[in-house]
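**Q** Okay, so the sequence shown: first residue is 4 according to the numbering used here, each after it adds one.
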Amino acid sequence: MELTAPYIEGKSTRFPQMNENKTPADAAAFVNYWADRGFTSFKAYMGIDKPTLKASIDAAHKRNLKITGHLDNVTYQEAALLGMDNLEHGFMASTDFAIGKKENEPPGPGSAYKALSNLDILSDSVKQFIQFLIDKKMSITSSLAVFEGATTTQPQPNQEALNAMSPDTRDFYLQRLAATKSAKSPTIYDKAYANATKMEKIFYDMGGLLSVGTDPTGNGGTIAGYGNWRAIELLVEADGFTPLEAIKIATLNGSIALGFDKIIGTIETGKTADLLIIDGDPSKNISEIRKVQYVFKSGVGYNSKKLFDAVKGKVGFN
Ligand SMILES: [Zn+2]
Numbered sequence: 004m005e006l007t008a009p010y011i012e013g014k015s016t017r018f019p020q021m022n023e024n025k026t027p028a029d030a031a032a033f034v035n036y037w038a039d040r041g042f043t044s045f046k047a048y049m050g051i052d053k054p055t056l057k058a059s060i061d062a063a064h065k066r067n068l069k070i071t072g073h074l075d076n077v078t079y080q081e082a083a084l085l086g087m088d089n090l091e092h093g094f095m096a097s098t099d100f101a102i103g104k105k106e107n108e109p110p111g112p113g114s115a116y117k118a119l120s121n122l123d124i125l126s127d128s129v130k131q132f133i134q135f136l137i138d139k140k141m142s143i144t145s146s147l148a149v150f151e152g153a154t155t156t157q158p159q160p161n162q163e164a165l166n167a168m169s170p171d172t173r174d175f176y177l178q179r180l181a182a183t184k185s186a187k188s189p190t191i192y193d194k195a196y197a198n199a200t201k202m203e204k205i206f207y208d209m210g211g212l213l214s215v216g217t218d219p220t221g222n223g224g225t226i227a228g229y230g231n232w233r234a235i236e237l238l239v240e241a242d243g244f245t246p247l248e249a250i251k252i253a254t255l256n257g258s259i260a261l262g263f264d265k266i267i268g269t270i271e272t273g274k275t276a277d278l279l280i281i282d283g284d285p286s287k288n289i290s291e292i293r294k295v296q297y298v299f300k301s302g303v304g305y306n307s308k309k310l311f312d313a314v315k316g317k318v319g320f321n
């Protein structure tokens with residue numbers, strides 16, 4: 004298991020759980036503290052500014068560790084210039100196009116989504132923006148499952164995912180889902196989401212390294228396992244990848260982004276035997292990735308149905 008340190012936040016945070024790094028030196032010390040304890044992965048967060056991000060990147064790189072970010076005050080292009088390795092959340096966290104955004108400050112409320120919704124994604128400026136990220140070897144993680152949860156156009160929730168939730172968690176999620184879906188569509192957010200999905204495909208087609216992940220926030224509907232499947236389905240449904248491309252993004256590309264492609268990511272002699280057995284053909288129909296029978300971790304097999312059954316009605320219970 005690779006451990007991710009707590010978020011590297013900047014001077015001030017909107018979340019009381021997060022440590023505030025008041026200076027670049029604080030951020031470097033924060034990275035070293037967690038790296039000393041065996042944490043191998045770092046994620047910079049929204050309130051970080053450029054000097055503090057730079058110090059975090061340098062501290063992580065000094066120990067040969069990678070650093071990703073869910074940014075807001077710092078734009079994607081600025082982060083690429085500073086040498087950050089990866090960006091979280093596809094293009095949904097990009098503030099590069101927000102009108103009136105000041106350096107090292109958050110964009111105005113709603114202005115980043117508004118800019119994304121209005122973006123001409125086939126324009127030269129967007130192409131140059133994406134090419135710049137690729138030139139700087141910035142990889143990007145798609146996390147559409149969590150963003151889909153704020154669109155008015157999302158499908159009905161997956162019944163098995165609902166069954167996995169504890170009653171309180173399910174009620175909370177369904178209430179929020181109903182409120183989201185009652186908005187008059189298409190919303191600005193719907194349009195921003197649609198453009199962001201197309202940009203992920205353009206980034207990949209131009210040679211960018213795209214990986215995929217989930218996120219436990221949003222409306223509470225993106226839960227472990229089911230959320231991962233949904234994120235991969237959306238690479239096909241929303242981005243327009245073929246099922247095989249989606250599988251590659253979810254396996255090999257992720258291992259390259261983490262720097263682990265020598266040991267995992269493909270089925271090859273000499274690699275770790277982390278495999279899953281599926282009763283179906285996800286290369287034809289991506290949703291068949293849900294038909295997992297067994298998962299092998301380092302050569303040891305686990306019965307997936309038993310594991311899923313064991314947590315039915317318990318996810319989110321506290
Ligand atoms: Zn995030």
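The beta carbon of each residue, even a glycine, is placed where N, CA and C say it ideally should be.
Out of 43, 32, 36, 280, point me to the one whose CA is closest to residue 57's CA.
**A** 32
**Q** Give a single yes or no on whether residue 3 has its beta carbon closer than 7 Å to a heavy atom of ligand 1.
**A** This structure gives no information on residue 3, because the portion of the chain shown stretches from 4 to 321.
**Q** Heavy atom of ligand 1 less than 7 Å from the Cβ of residue 193, yes or no?
**A** The answer is no for residue 193.
**Q** Rounded to the nearest angstrom, how far is the Cβ of residue 267 from that of residue 249, given a contact under 8 Å?
**A** 18 Å between Cβ atoms; not a contact.
**Q** Helix or strand or just coil, what does DSSP make of residue 100?
**A** coil
**Q** Flag this pair as yes or no: are the beta carbons of residue 280 and residue 297 separated by less than 8 Å?
**A** yes
**Q** Quick check for students: name the residue ranges of the beta strand (DSSP E) that lie wholly in the region 18-52, counting only runs of 3 or more.
**A** Complete beta strand (DSSP E) runs here, min 3: 44-47.
**Q** Taking 8 Å as the cut-off, decide whether the C-beta atoms of residue 35 and residue 62 are in contact.
**A** yes
**Q** In the structure shown, what three-state DSSP assignment does residue 10 receive?
**A** coil
**Q** Sort out for me which residues DSSP pairs residue 297 with in a bridge.
**A** 280, 306
**Q** Mind checking whether the beta-carbon of residue 218 lies closer than 7 Å to any heavy atom of ligand 1?
**A** Within the cutoff, so yes.
**Q** For residue 137, collect the residues of the same chain with a Cβ closer than 8 Å to its Cβ; drop the 5 residues on either side in sequence, then sort them by chain order.
**A** 206, 209, 210, 211
**Q** Which residue wins for smallest C-alpha separation from residue 73, given the options 66, 90, 60?
**A** When 66, 90, 60 are compared, the shortest CA-CA separation from residue 73 is found for 90.
**Q** Got a sec? Which residues, its chain only, sit under 7 Å from residue 81 by beta carbon, not counting five neighbours each side?
**A** 53
**Q** Within 7 Å: the Cβ of residue 163 and any heavy atom of ligand 1?
**A** no
**Q** Enumerate in chain order the residues of its own chain whose CB-to-CB distance from residue 292 is below 7 Å, with the five nearest sequence positions on each side excluded.
**A** 232, 235, 281, 285
**Q** Rounding to the nearest angstrom, what Cα-Cα distance links residue 129 and residue 309 in this structure?
**A** One Cα belongs to residue 129, the other to residue 309, and the distance between them is close to 47 Å.
**Q** So residue 116 packs on residue 167, CB below 8 Å; how close in whole Å?
**A** Contact between residue 116 and residue 167 is ruled out by a C-beta separation of about 30 Å, above the 8 Å threshold.
**Q** Which one or two residues does DSSP pair with residue 215 in a beta bridge?
**A** 145
**Q** Is residue 155 helix, strand or coil when you go by DSSP?
**A** When DSSP states are grouped into helix, strand and coil, residue 155 belongs to the coil group.
**Q** Shorter than 7 Å, the distance from the beta carbon of residue 91 to the closest heavy atom of ligand 1, or not?
**A** yes
**Q** Going by alpha carbons, who is nearest to residue 119 out of 213, 109, 95?
**A** Nearest option by C-alpha distance: 95.
**Q** So, using beta-carbon positions, are residue 242 and residue 200 closer together than 8 Å?
**A** yes
**Q** Contact check, residue 238 vs residue 145 under 8 Å by CB: the rounded distance?
**A** 7 Å
**Q** Using C-beta distances below 7 Å, list every residue in its chain close to residue 156, excluding the 5 sequence neighbours before and after it, in chain order.
**A** 188, 193
**Q** Return the Cβ separation of residue 153 and residue 183 in integer angstroms, given the expectation that the two are a contact with Cβ distance under 8 Å.
**A** 6 Å
**Q** Does residue 273 pass the burial test, meaning 16 or more other C-beta atoms within 10 Å, or should it be called exposed?
**A** exposed
**Q** Give me the DSSP bridge partner(s) of residue 223.
**A** According to the DSSP secondary-structure assignment, residue 223 is paired through a beta bridge with no residue.
**Q** Report back the beta-carbon spacing between residue 70 and residue 42 to the nearest angstrom; my notes put them in contact at under 8 Å.
**A** The Cβ separation is near 12 Å, so there is no contact.
**Q** Please classify residue 132: is it buried, with 16 or more other beta-carbons within 10 angstroms of its beta-carbon, or exposed?
**A** buried
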